[in-house]
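Numbering (the working numbering), first residue to last: 3 to 116.
By construction, the Cβ of each residue, glycine as well, lies at the ideal position given by its N, Cα and C atoms.
Please read all numbers here as calculations on a predicted model, not as lab measurements.
Structure representation (structure tokens):
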């Protein structure tokens with residue numbers, strides 16, 4: 003099986019495709035907003051990246067969500083619930099972590115099928 007990389011940077015690729023599986027790099031939102039606005043930014047970016055990979059959010063098999071503060075879980079979940087298609091909810095884990103910088107409140111990592 004070949005490996006294809008899309009949006010390759012010096013440290014990472016935004017998208018890696020291996021066989022029929024798409025792996026997205028962790029996505030963060032625009033700094034300065036709250037958890038809801040950062041989550042919306044991230045989900046829009048995920049839609050764009052999945053489209054570049056030839057798939058969409060109905061084919062997400064796993065999501066890993068990191069929050070800078072678990073106290074914001076409901077705020078993030080409210081945006082997630084509006085975005086994820088009914089009947090296509092992926093396996094998901096959510097945890098609290100110190101993210102790359104204090105301006106980042108949410109990071110989402112996605113694995114999807116093609």
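Measure from the alpha carbon of residue i to the alpha carbon of each residue in the options, then state which is nearest.
i: residue 95; options: 46, 68, 26 and 86; result: 68
i: residue 106; options: 58, 31 and 5; result: 31
i: residue 63; options: 112, 3, 34 and 72; result: 112
i: residue 116; options: 78, 52 and 79; result: 52
i: residue 38; options: 23, 50, 27 and 70; result: 70
Could you give the first and the last residue of the continuous alpha helix (DSSP H) run that contains residue i?
i: residue 64; result: Note, residue 64: premise wrong, no alpha helix (DSSP H); beta strand (DSSP E) at 62-69.
i: residue 43; result: 37-54
i: residue 77; result: 75-85
In terms of DSSP beta bridges, what is residue i paired with?
i: residue 108; result: 69
i: residue 97; result: 68
i: residue 29; result: 110
i: residue 115; result: 23
What first and last residue would you give for the beta strand (DSSP E) that runs through residue i?
i: residue 9; result: 5-10
i: residue 90; result: Taken as a continuous stretch (DSSP letters only), residue 90 belongs to no beta strand (DSSP E), as it is neither H nor E.
i: residue 19; result: 15-20
Tell me whether residue i is buried or exposed, calling it buried when 16 or more other Cβ atoms sit within 10 Å of its Cβ.
i: residue 5; result: exposed
i: residue 14; result: exposed
i: residue 114; result: buried
i: residue 78; result: buried
i: residue 109; result: buried
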